[in-house]
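Colleague: If you read the sequence shown in the working numbering, its first letter stands for residue 5, the second for the next number, and so on.
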Amino acid sequence: WQDLVVGAPYYFQRKQEVGGAVYVYMNEVGGFQSHPSLVLTGPSYSAFGFAVASIGDVNQ
């Protein structure tokens, strides 16, 4: 099964600058969980997550 990566380039935490984030949802047992398996965040003003690409099955 393929996994899902969702980019959120304008993500920020309260009282911090916009840095962006990427949410990784692992497809486990034929379905996705309601919360991400992994959240990656970028440095301030990086727009991290603006571009994402197909990466297939991450946890294989």
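Yeah, the Cβ is synthetic: ideal placement off N, Cα and C, and Gly gets one too.
(1) Among V28, T45, G46 and Y49, whose alpha-carbon lies nearest the alpha-carbon of H39?
(2) CB-CB under 6 Å to V10, same chain, minus the five flanking residues each way: which ones, in chain order?
(3) Hey, out of N31, A51, V22 and E21, whose CA is closest to L42's CA?
(4) Measure how close the beta-carbons of G46 and G53 come, nearest whole angstrom, since I'm counting them as under 8 Å.
(5) Kindly indicate which three-state DSSP category F16 falls into: helix, strand or coil?
Modeller: Reading it off the structure:
(1) Here residue 39 refers to the residue found at position 35 when the sequence shown is read from its first residue. Checked all of V28, T45, G46 and Y49; the closest Cα to H39 is V28.
(2) Taking the sequence shown and counting its residues from 1, the one referred to as residue 10 is at position 6. Taken in chain order, the residues that qualify are Y27.
(3) One-based indexing of the sequence shown puts residue 42 at position 38. The candidate whose alpha carbon is nearest that of L42 is N31.
(4) Locating residue 46 in the sequence shown gives position 42, where the first residue counts as 1. Locating residue 53 in the sequence shown gives position 49, where the first residue counts as 1. Going by Cβ atoms, the distance from G46 to G53 rounds to 7 Å, so yes, they are a contact pair.
(5) Numbered from its first residue, the sequence shown carries residue 16 at position 12. Note: F16 maps to coil in three-state DSSP.
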